[in-house]
Amino acid sequence: MLLCEIQDDLLNVLMIEVDVATICRFLYDSGFSRHKLCRVALQRDQILRDKFIMDVSLYDPNMLIFLDETGADRRNALRQYGYSMCGKPLKKYSLLCNWNYVC
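Yeah, the sequence shown ends on 144 if you go by this note's numbering, and it's all consecutive.
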C-alpha cells in the first residue's frame with residue numbers, strides 16, 4: 042500500500058486523521074523500510090528453470106545472441122515500490138502475462 046492509501050484507510054475505517062509523515066515515521070520505527078518491488082511469476086517452476094540452464098549450458102557461449110529489450114517494458118503502470126521489514130526483500134507473486142495483457 043502507498044502511504045496515502047494507508048492514510049485514507051485510517052480515516053475511513055478508524056476515523057483517525059494522521060499525516061503521511063507520521064505514518065512513514067511509524068513504519069520506520071516498527072522496522073519497515075521502503076524497497077523496490079521484486080515481481081515473481083506464479084508460473085515459475087524450478088525444475089523447468091534447471092532444465093533450461095542445463096540445455097543452454099550445452100551451447101558454446103559464442104553461439105548465443107542476447108537482445109536488449111529494456112525499453113520495451115509495458116508494465117510502467119504497475120506499482121514498483123512498497124514497504125517490508127528491514128533486511129528482507131519485498132516480493133510480490135503475481136500471474137505474469139504476455140505483452141498483450143496487463144496483470
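In this text, a Cβ means the ideal position worked out from N, Cα and C, and glycines have one as well.
Distance between beta carbons of residue j and residue i, contact taken as under 8 Å
i: Leu-83; j: Ser-135; result: 6 Å
i: Arg-120; j: Leu-78; result: 6 Å
i: Leu-44; j: Ile-57; result: Incorrect: roughly 14 Å between the Cβ atoms, too far for contact.
i: Arg-90; j: Tyr-122; result: Actually they do not touch by this definition, with Cβ atoms about 27 Å apart.
Which of helix, strand or coil DSSP assigns to residue i
i: Met-104; result: helix
i: Lys-92; result: helix
i: Val-143; result: For Val-143, the pLDDT reaches just 46, beneath the cut-off of 50, and the residue's location in the model is therefore unreliable, although a value from the coordinates is still provided. Val-143: coil per DSSP, three-state reduction.
i: Val-59; result: coil
i: Arg-66; result: helix
i: Leu-44; result: helix
Beta-bridge pairing of residue i - partner residues as DSSP gives them
i: Arg-75; result: Tyr-124
i: Val-81; result: Tyr-134
Opening and closing residue of the beta strand (DSSP E) in which residue i lies
i: Lys-133; result: 132 to 135
Bounding residues of the alpha helix (DSSP H) (the contiguous stretch that carries residue i)
i: Leu-99; result: Run containing Leu-99: none; DSSP gives neither H nor E here.
Residue of the options minimising C-alpha distance to residue i
i: Gly-72; options: Val-61, Gly-128, Ala-62; result: Gly-128
i: Asp-60; options: Asp-70, Leu-68, Gln-48; result: Gln-48
i: Lys-133; options: Val-81, Asn-53, Leu-68; result: Val-81
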